[in-house]
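Some notes on the structure that comes next.
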Amino acid sequence: MTSWTDRYRSDRRNAPPAKLKALGLQGAVTLHDGPFADRVANAQETYLAIPADDILHGFRAEADLPSSGKPMTGWASRTSAATFGQWVSGMARLSAAAGNPDLAQRAVDLLKGWEETLPASGDTKMHVYGWEKAVCGLVDTALYVGYDEALDVLARVTGFAAANFDRTRAKATPADFAGDGPQLMLEWYTLAENLHRGYLAGGDPLLQEFATVWHYDDYWSLFEEAPAAGQPWPVPVWLHAYSHLNTFASAAAAYEVTGDERLLTVLRNAHDYFTTTQCYATGGFGPSEFTMPEDGSLGRSLEWRTDTAEIVCGSWAAFKLCSALMKATGEAKYSDWVEQLLYSGLGATTPVTIDGVTPYYQDYRLGISTKLPHWDAWPCCSGTYVQAVSQISDLIYYTADDGVSVALFVPSEVTFQHDGATVLLRQSTGFPEEDTTTLTVSLDRPTEFTLRVRVPQWTEGMSVRLNGEPVQLACVPGTWAEVARTWTHGDTLEVAIGAGLRAIPVDRWHPNRVAFAHGPVVLAQDGIWTSPLSAIMPWQATDLDRLLTRTGEGLHFDARQVGTNRQPVGGFLPLSEIPDRQPHRVYLDLDRPRII
Ligand SMILES: [Zn+2]
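Counting from 0, one number per residue, gives the positions in the sequence shown under numbering that gives the first Met the number 0.
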């Protein structure tokens with residue numbers, strides 16, 4: 000079997016060589032005990048427990064084939080078309096990341112079962128929305144499981160689509176925010192991604208040609224230049240938020256194929272646009288699924304929207320953009336958004352269940368809010384959930400020609416080859432509850448390489464000790480701290496990370512409307528019979544120690560204010576520790592505390 004990395008080294012790729020390579024989907028990263036390892040284990044169990052015959056039931060019924068499965072519910076009640084390809088993709092990716100052969104086999108079984116329901120014409124009877132995801136499942140099962148027959152199916156279904164899909168390509172507008180156009184072509188501008196990836200995997204020129212049809216040049220070109228400081232981005236808004244981030248995964252795939260440097264600029268600027276104008280403190284974005292104008296709408300949405308951010312799909316799209324930027328540029332800062340979402344976006348959701356109960360929106364409303372799953376079973380986020388979870392181990396370490404980079408502080412280990420030596424790097428950390436991480440090198444012979452550690456933008460000061468001795472290093476936020484030397488077996492690097500308490504205003508129009516965070520971990524105020532925190536105006540973000548005090552248990556903080564007997568001022572804890580349905584507050588108006 001050809002490994003997927005070998006396939007991607009083909010001459011179909013015209014982008015310059017990647018500065019960094021990720022290792023998680025090659026099975027080189029092992030997660031150690033902690034919430035991320037739990038989440039990955041849970042996703043394997045849940046998605047394997049969905050009966051394959053149920054997933055295929057709707058397709059078989061539509062094709063008049065016998066089925067021993069049961070109908071599914073919610074979005075999958077007629078067929079599972081809306082998320083089928085993402086489930087298959089997630090299983091293929093997770094099998095590679097976690098070394099789970101049962102999931103690999105399940106992905107193949109699902110594709111075989113689905114193929115039997117297809118006519119010779121290659122008509123999947125799917126709308127473009129599900130079709131795009133089916134292409135992803137086919138490409139990923141070829142790439143990560145080595146099931147080459149998937150590429151034959153891809154050629155067949157693409158032949159039909161190329162001859163029959165509506166090519167209106169309606170530009171998204173506030174009245175048609177996902178570019179539906181006349182014929183249910185919603186989110187057509189996300190189609191190029193997996194077609195380009197299919198071309199890179201298999202070399203079928205029809206895939207590249209058809210991918211190019213769906214380039215969203217009208218939107219992408221608006222990101223070729225960043226506006227001057229203080230000027231708004233010249234980008235239309237009130238568009239479908241998740242898919243308008245996800246379209247940059249198509250731009251990233253187009254960059255891989257064409258090597259067009261303008262696309263790399265577009266990716267950098269899209270990252271900056273979303274992180275500086277669209278995101279909440281958690282990294283989530285898109286109230287009511289809209290992109291927001293730069294006029295305080297983001298902050299005002301907290302007054303009334305309950306669907307503050309589509310967390311799971313949004314996390315997945317951000318992971319893809321950031322990971323493409325990490326590889327292409329080698330710059331540490333592109334892991335900051337990933338980290339935010341890992342702790343406070345995806346990482347603060349309640350996992351998808353075997354019945355399809357799925358996290359979707361989070362609610363950051365002022366006053367009080369709760370986490371609730373989506374009202375329908377098996378929505379879009381049940382597809383992106385397994386994909387995003389499968390990506391976690393791929394986001395922690397990267398290798399470069401001269402060494403290895405640690406992008407995230409997660410208990411885990413990675414094995415890689417350098418200069419003919421096999422290096423095992425083990426990361427022991429209690430982060431974020433504790434503020435240090437210890438990196439231990441194991442190798443068969445002394446080897447020279449550079450070990451880089453990401454300096455987060457939020458750090459209040461990072462410092463490093465090598466084998467117990469302080470090292471004088473530039474630790475500039477948003478860059479790498481670098482130690483280049485000949486490493487020997489047992490060397491350790493201890494990193495004091497520098498996380499501290501922060502108050503993050505939602506936007507510049509609402510300087511007193513803040514969420515609290517400790518490093519990347521957004522804190523929620525307990526809202527069960529409590530009063531909100533307030534501050535005497537004007538207040539300074541440096542006054543945080545006067546508002547909150549750490550209790551010593553995990554990342555739990557007590558308010559220094561008293562409140563009333565019946566409603567004391569609530570304490571704060573990580574948003575990830577709040578269970579479904581429990582009242583809490585993510586954002587607070589410090590000058591106008593709201594009690595509902
Ligand atoms: Zn979703």
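Heads up, the beta-carbon is just placed ideally off N, CA and C, and yes, glycines get one too.
Predicted model only: the values in this text are computed from it and were never measured.
Boundaries of the alpha helix (DSSP H) in which serine 249 is found, first to last residue: Residue numbering aside, residue 249 sits at position 250 when the sequence shown is read from its first letter. For serine 249, the enclosing alpha helix (DSSP H) begins and ends at 240 to 257.
CB contact flag (proline 476, threonine 449, <9 angstroms): Numbered from 1 along the sequence shown, position 477 holds the residue referred to as residue 476. Numbered from 1 along the sequence shown, position 450 holds the residue referred to as residue 449. No.
Terminal residues of the beta strand (DSSP E) in which aspartate 375 lies: Along the sequence shown, read from residue 1 onward, the residue named residue 375 stands at position 376. For aspartate 375, no beta strand (DSSP E) segment is defined, and its DSSP state is neither H nor E.
Sequence-distant residues of the same chain with beta carbon closer than 8 angstroms to glutamate 288, five excluded per side: As a working note, residue 288 is residue 289 in the sequence shown. Contacts found: Phe176, His239, Ala240, Tyr241, Asp306 and Glu309.
Rounded distance between the beta-carbons of glutamate 255 and arginine 12, thought under 8 angstroms: As a position in the sequence shown, residue 12 is number 13, starting the count at 1. As a position in the sequence shown, residue 255 is number 256, starting the count at 1. Between arginine 12 and glutamate 255 the beta-carbon gap is near 6 angstroms, inside 8 angstroms, which marks them as a contact.
Sequence-distant residues of the same chain with beta carbon closer than 7 angstroms to isoleucine 503, five excluded per side: Here residue 503 corresponds to residue number 504 of the sequence shown, with the count starting at 1. Cβ within range, chain order: Ala280, Val513, Ala514 and Ala516.
For arginine 444, the nearest candidate out of Thr29, Met291, Leu423 and Gln456 (CA to CA): Taking the first residue of the sequence shown as 1, we reach residue 444 at position 445. Across the set Thr29, Met291, Leu423 and Gln456, the C-alpha of Leu423 shows the shortest separation from the C-alpha of arginine 444.
Euclidean distance between Cα positions of histidine 126 and leucine 190: Taking the first residue of the sequence shown as 1, we reach residue 126 at position 127. Taking the first residue of the sequence shown as 1, we reach residue 190 at position 191. Straight through space, the alpha carbons of leucine 190 and histidine 126 are spaced by roughly 12 angstroms.
Those residues which DSSP pairs with cysteine 278 across a bridge: If you number the sequence shown from 1, residue 278 lands on position 279. According to DSSP, cysteine 278 bridges with Phe284.
Other residues of its chain near glycine 499: CB distance less than 6 angstroms, five sequence neighbours each side excluded: In the sequence shown, the residue the question calls residue 499 occupies position 500. Here the set comprises Glu459.
Pair within 9 angstroms by beta-carbon distance, arginine 507 and leucine 365: Taking the sequence shown and counting its residues from 1, one reaches residue 507 at position 508. Taking the sequence shown and counting its residues from 1, one reaches residue 365 at position 366. For arginine 507 and leucine 365, no; Cβs fall outside 9 angstroms.
Other residues of its chain near aspartate 108: CB distance less than 7 angstroms, five sequence neighbours each side excluded: Walking along the sequence shown from the start, residue 108 turns up at place 109. So the list reads Ala51, once near-sequence residues are dropped.
Closest by C-alpha distance to serine 533, when choosing among Pro235, Leu547 and Ile527: Counting from one through the sequence shown, the residue named residue 533 turns up at place 534. Checked all of Pro235, Leu547 and Ile527; the closest Cα to serine 533 is Leu547.
Test item: CB-CB of alanine 80 and alanine 376 under 9 angstroms: As a working mapping, residue 80 is identified with position 81 in the sequence shown. As a working mapping, residue 376 is identified with position 377 in the sequence shown. Remark: C-beta atoms of alanine 80 and alanine 376 do not approach each other more closely than 9 angstroms.
DSSP beta-bridge partners of leucine 572: Counting from 1 along the sequence shown, the entry for residue 572 is found at position 573. Among the bridge pairs identified by DSSP, leucine 572 is matched with Ala523.
Bridge partner(s) assigned by DSSP for serine 557: If you number the sequence shown from 1, residue 557 lands on position 558. Reading off the sequence shown, one finds aspartate at residue 557, where the question assumed serine. Aspartate 557 is bridged by DSSP to Thr548.
Backbone CA spacing between glycine 346 and isoleucine 496 [nearest angstrom]: Residue numbering aside, residue 346 sits at position 347 when the sequence shown is read from its first letter. Residue numbering aside, residue 496 sits at position 497 when the sequence shown is read from its first letter. Going from the Cα of glycine 346 to the Cα of isoleucine 496 covers about 20 angstroms.
Chain-ordered residues, beta carbon under 7 angstroms from a heavy atom of ligand 1: The answer, residue by residue, is Tyr241, Glu309, Val311, Cys312, Tyr359, Pro378, Cys379, Cys380 and Thr383.
Beta-carbon proximity of leucine 324 to leucine 266, cut-off 9 angstroms: Position 325 of the sequence shown holds residue 324. Position 267 of the sequence shown holds residue 266. In contact: leucine 324 and leucine 266 (Cβ atoms closer than 9 angstroms).
Which of helix, strand or coil DSSP assigns to isoleucine 310: Locating residue 310 in the sequence shown gives position 311, counting from the first residue. For isoleucine 310, the secondary structure class from DSSP, reduced to helix, strand or coil, is helix.
Serine 411 - DSSP class collapsed to helix/strand/coil: Locating residue 411 in the sequence shown gives position 412, where the first residue counts as 1. Annotated three-state conformation of serine 411 is strand, per DSSP.
Whole-angstrom C-beta distance between threonine 414 and alanine 36, which should lie under 8 angstroms: For the purposes of this step, residue 36 is taken as the residue at position 37 of the sequence shown. For the purposes of this step, residue 414 is taken as the residue at position 415 of the sequence shown. The pair is not a contact, with the Cβ atoms about 17 angstroms apart (cut-off 8 angstroms).
Of the residues Glu131, Val144, Gly295 and Ala21, the one placed nearest alanine 160, counting alpha carbons only: By one-based count along the sequence shown, residue 160 stands at place 161. Measuring from the Cα of alanine 160, the nearest candidate turns out to be Glu131.
Alpha carbon of arginine 584 to alpha carbon of phenylalanine 571, nearest angstrom: For the purposes of this step, residue 584 is taken as residue 585 along the sequence shown, with counting starting at 1. For the purposes of this step, residue 571 is taken as residue 572 along the sequence shown, with counting starting at 1. In a straight line, the C-alpha of arginine 584 is about 9 angstroms away from that of phenylalanine 571.
Collapsed DSSP secondary structure at tyrosine 363 in the structure displayed: One-based indexing of the sequence shown puts residue 363 at position 364. Tyrosine 363 falls in the coil class under three-state DSSP.
DSSP three-state assignment for threonine 398, whether helix, strand or coil: Position 399 of the sequence shown, counted from the start, is the residue given in the question as residue 398. It is a strand residue.
For glutamate 192 and alanine 14, the rounded distance between their alpha carbons: On the sequence shown, position 15 is the one that residue 14 refers to. On the sequence shown, position 193 is the one that residue 192 refers to. Between alanine 14 and glutamate 192, the C-alpha separation is close to 15 angstroms.
Cβ pair count under 8 angstroms reaching 3, the region 108 to 123 against the region 53 to 63: Yes, they touch.
Pick from Tyr143, Val351 and Asn564 that is closest to threonine 597, judged by C-alpha positions: Shown here, the chain extends from 0 to 595; a query on residue 597 therefore has no answer.
Sub-9 angstroms separation of phenylalanine 58 and threonine 78 beta-carbons: Your numbering for residue 58 matches position 59 in the sequence shown. Your numbering for residue 78 matches position 79 in the sequence shown. Cβ distance < 9 angstroms, so phenylalanine 58 and threonine 78 count as in contact.
Reference threonine 72, options Arg580, Val356, Lys332 and Thr529, closest by Cα: Stepping through the sequence shown from its first residue, residue 72 is reached at position 73. For the set Arg580, Val356, Lys332 and Thr529, the Cα lying nearest the Cα of threonine 72 is the one of Val356.
Residues near valine 456 in its chain [Cβ-Cβ closer than 6 angstroms; skip 5 each side]: As a working mapping, residue 456 is identified with position 457 in the sequence shown. A small correction: the amino acid at residue 456 is glutamine; valine does not occupy that position in the sequence shown. Taken in chain order, the residues that qualify are Asp335, Pro476 and Gly477.
Burial state of serine 368 (16 or more Cβ within 10 Å): Start at 1 with the first residue of the sequence shown, and residue 368 comes out as number 369. Buried, by the Cβ-count rule.
Collapsed DSSP secondary structure at threonine 157 in the structure displayed: The residue given as residue 157 occupies position 158 in the sequence shown. DSSP places threonine 157 in the helix class (H, G or I) of the three-state scheme.
Continuous beta strand (DSSP E) stretch holding isoleucine 503: start and end: For this step, residue 503 is matched to residue 504 along the sequence shown. Counted as a single uninterrupted DSSP element, the beta strand (DSSP E) harbouring isoleucine 503 occupies residues 500 to 504.
Backbone CA spacing between proline 519 and glycine 553 [nearest angstrom]: In the sequence shown, the residue the question calls residue 519 occupies position 520. In the sequence shown, the residue the question calls residue 553 occupies position 554. Going from the Cα of proline 519 to the Cα of glycine 553 covers about 14 angstroms.
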